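Read top to bottom, the protein sequences are chains L and Y. Take 1 as the starting number for the first sequence in my numbering and just add one per residue. Take 1001 as the starting number for the second sequence in my numbering and just add one per residue. Reviewing the structure listed below.
Protein chains: 2
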Amino acid sequence: MTDLIRSWVESANAPGTDFPLNNLPYGVFAADDGTMPRCGVAIGDRIFDLCAAEGDGLVTPAGHPVFDVPYWNDFMDLGHEAWAELRARLTGLLSEGAEPRPEYLVNQADVRMHMPFRVSEYTDFYASKNHAFNVGSMFRGSENALPPNWLHIPIGYNGRASSVVVSGTPVVRPNGQLKGPDDDAPRFGPSRRFDIELEMGAIVGQPSDGPITVAEAFDNIFGYVLLNDWSARDIQAWEYQPLGPFQAKATATTISPWIVTAAALEPFRIPTPAREVPLLPYLAEPAPMLYDITLEVGLTPEGGQETVLSRTNVRELYYSAAQQLAHHTSSGCPMRVGDLLGSGTISGADPDARGSLLEMSWGGKAPITLDTGESRSFIEDGDTLTLRGAALGKGYRIGFGACSGQVRPARPVTD
Amino acid sequence: MTDLIRSWVESANAPGTDFPLNNLPYGVFAADDGTMPRCGVAIGDRIFDLCAAEGDGLVTPAGHPVFDVPYWNDFMDLGHEAWAELRARLTGLLSEGAEPRPEYLVNQADVRMHMPFRVSEYTDFYASKNHAFNVGSMFRGSENALPPNWLHIPIGYNGRASSVVVSGTPVVRPNGQLKGPDDDAPRFGPSRRFDIELEMGAIVGQPSDGPITVAEAFDNIFGYVLLNDWSARDIQAWEYQPLGPFQAKATATTISPWIVTAAALEPFRIPTPAREVPLLPYLAEPAPMLYDITLEVGLTPEGGQETVLSRTNVRELYYSAAQQLAHHTSSGCPMRVGDLLGSGTISGADPDARGSLLEMSWGGKAPITLDTGESRSFIEDGDTLTLRGAALGKGYRIGFGACSGQVRPARPVTD
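Given below as structure tokens:
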């Protein structure tokens, strides 16, 4: 485990910051002055303007500009050598003792964050055993909770890339077909069981055009974001057989604005949990490829105080993103720069470590009490849901920033 | 029903051609001379080179070039007025009596067709009742064949855009996890039940950023292609619960190279079949939005003769693409130019009108006999599968061209 690397940007040395020099997460920001969104790196409470630095020849990852655009895809496309060189260069430029260059710094408080990359396609997995067991228990009883394939396959389904939004984007409660078990026919109206899913998102940074190994998959992952896969449980319950969730998951998926690189998380690698049954060879991990990252979920009613609902850790995942990506390519499926892989909802074994309200309120049967005394089974209009996460080093944290969204009332339904 | 519109391109007036002047389908082609792929329109056995015509100011749909690129997305983005104007302009330029301009014609036989558009995202539906019933009968018995939601929802799932390829692209048989009902554990190897799905693909030509009506959805569809959603039935059977098909469908989806526009198909609009239960209002069709399009599937063993396996019609679909697209947006899901919607496998009621080998061979229990005397339950290596389709007018046909792919042996599996 490395120590804090000190920076001439003082706020990057503060104990609580998400963005010490060890982190260097990549994002896209725009100032209020009407300038176009462009690439930057978070350092303490500032952003180092990479577009400006590239313009001045201070960082030159390619023979052409790659930071004057509102996405990191062009840089990711350059490959591993460029990734390592930029990180080394930025570490040098921003280290304590280097020439301070405050002219490239922008206050995070003064800018608006945009999507950090163009999402090519979005896939969502189902890799936390506690979550799969909890949801399975509610839908099928504890005897048949875990599907028979679950211990063999990193189960996943394709999601909708067009619905991925950056933290801070309001989320309109979806309408959809709803049918209770005792209803004769479905009706169309606002979801009453609108929920979050606490996940990590892995970003594919290099393309592949056929099956790849788990080791190759690990190398192709550029970085990670927090990911909230908003889910309408009542829409899902009626639509999902036999082809899986569709409109229940298509309203929005919120990601945190900073890509925390695999390089920054390198000191926090841990193995996946012990296998309960042997994996097929194509899924075996040659080295630890999961991470020790603490996570929490907060709920803030409109105009109220936040209650932290849950605390858990990425280590709860049974499959790593590398295993998921390798499986994703097993049929020959081509992957592209900017593909986003959601881990699946991350739930620990304890009731206060669950990653969805569905599990926390056990399908609405055991409503949660907020710190304010109010109760919740699912999300109410005006609620803001916030995910946070960090890998905890010695005297520093590799933080993700907040992944947050407020739920707005559904659109009126007209016949 | 309109009559044949005669062209100065003689081959466009021949009775059997897929591409009379009434059709004007849009594609992307490249000559062998090393020039870049660019946009063209099929006319008889020729292609009218739109990139050259645009360069000379003969067609000018925008203030900037849109036909010098290897995709139709930029043109689709221009909207309905531009769509109608180009069709009118091309009809004028290519009509009998207009000044012949053979300098813009290229022989189809001399070029290679490319993907006609960039697929933003790909969604696959399940809209043929016979197909859903047949597959349901095999998997769950005829009592529970049709899922309870099927008559209420245009069931669909998200597919993988990166796997969509143009007709003529070889398809490598996928490897995947396979587990028979009597096996203790899955193994990893080549799919033994590799199959086709005979579908229509609808191409979204205008974006939307929230729920749209069925009428708006119809207007947003630019055109149609034939679509073969290659499917590994054995991979699917083991993986698909509870989140739907994933790697079983990710190897490849082949489309025909010419976008047949909604405008060309206008004379062939028909209503969807009578409802068996009332639809919710958001899915009601204000006018006929399905099409009368004949379809067929052919199988050619390597080095052998083709057997036509099946003949059916798009009218077998219970939901139109407009209904599917409206449902797709019902949760607020944003749609983008270039989104591709597969209809789902189209099967008629008769055994010789089925759109998949799974149904034709009834899960392998009743192998098909080819004209050559060979038999097939599923696809064998070297087989070429070809879809064809046409709307039949008075003395002309609006054809789609072939949607074809040869299956190659699986990659070797190494432990």
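Each residue gets a CB set at the ideal place from its N, CA and C atoms; glycine is no exception. No experiment lies behind these values; they were computed from the predicted model shown.
Under the Cβ criterion of 7 Å, L:Q177 is counted among the residues facing chain Y.
A Cβ of chain L is located within less than 7 Å of the beta carbon of Y:H1152.
The beta carbon of L:S142 does not come within 7 Å of any beta carbon belonging to chain Y, so the residue lies off that interface. Exposed is the label assigned to L:H64, since fewer than 16 other Cβ atoms lie within 10 Å of its Cβ. When the alpha-carbon of Y:G1189 is set against those of L:F139, L:L280, L:G168, the nearest one is in L:L280.
Contact with chain Y is found for L:S163, since one of that chain's Cβ atoms lies less than 7 Å from the residue's Cβ. L:Y126 reaches chain Y at P1242, L1243, counting residues in chain order whose Cβ is nearer than 9 Å. Put simply, of L:M113, L:V59, L:P273 the residue whose alpha carbon is nearest the alpha carbon of L:G27 is L:M113. Along the segment 334-356 of chain L, going in chain order, the ones with a CB nearer than 9 Å to a CB of chain Y are P334, M335, R336, D339. At a cut-off of 7 Å, the C-beta of L:A250 has a neighbouring C-beta in chain Y. Take L:T307, set aside five residues on each side of it, and the residues of its chain with a beta-carbon closer than 6 Å to its own are L299, L370, D371, in chain order.
In terms of Cβ geometry, Y:V1059 and Y:A1052 do not form a close pair [threshold 7 Å]. In the structure shown, the three-state DSSP call for Y:F1125 is strand. For Y:A1202 and Y:Y1224, the gap between their C-alpha atoms comes out near 5 Å. Listed along chain L are G210, G332, each with a C-beta nearer than 9 Å to that of Y:V1172.
Using a Cβ-Cβ cut-off of 7 Å, Y:L1280 counts as an interface residue toward chain L, since at least one Cβ of chain L sits closer than that to its own. With respect to chain Y, the C-beta atom of L:G298 has no partner C-beta closer than 7 Å.
DSSP, read as helix, strand or coil, puts Y:P1351 in helix. Residues P1301 of the same chain have their beta carbon placed closer than 7 Å to that of Y:E1374, with the five preceding and five following residues left out of the count. Residues of the segment 1219-1243 of chain Y with a C-beta atom less than 9 Å from some C-beta of chain L are A1232, I1235, W1238, E1239, Y1240, Q1241, P1242, L1243, listed in chain order. In this structure, Y:A1161 lies away from Y:W1150, with their beta-carbon atoms at least 7 Å apart.
Of the other Cβ atoms in all chains shown, 16 or more fall within 10 Å of the Cβ of L:N313; this residue is therefore buried. The distance from the Cβ of L:G332 to that of L:Q206 is about 17 Å, inconsistent with a contact at the 8 Å cut-off. Neighbourhood of L:P147 in chain Y, by CB distance below 7 Å: Q1241, P1242, in chain order.
Proximity of chain L to Y:Q1406 at the Cβ level (cut-off 9 Å) is not reached, the minimal Cβ distance being about 15 Å. Residue contact with chain L for Y:R1160: present (Cβ-Cβ distance below 7 Å to some residue of chain L).
Within chain L, E121, R160, A161, S162 have C-beta atoms less than 8 Å from the C-beta of Y:E1121, given in sequence order. Annotation: the continuous alpha helix (DSSP H) that includes L:Q236 extends over 233-239. Judged by DSSP secondary structure, L:N220 falls within the alpha helix (DSSP H) whose first and last residues are 214-220. Between L:F378 and chain Y, the shortest Cβ-Cβ separation is not below 7 Å.
One Cα belongs to L:Y396, the other to L:L4, and the distance between them is close to 6 Å. With a 10 Å radius around the Cβ and a threshold of 16 neighbouring Cβ atoms, Y:Q1324 comes out buried. Around the beta carbon of L:V277, a 10 Å sphere encloses fewer than 16 other beta carbons of the protein chains shown; the residue is thus reported as exposed. Bridge pairing for L:R397: L:L392 [DSSP]. The beta-carbon separation of L:L178 and L:P170, rounded to 22 Å, does not stay under the 8 Å limit for a contact. Buried is the label assigned to Y:G1244, since at least 16 other Cβ atoms lie within 10 Å of its Cβ.
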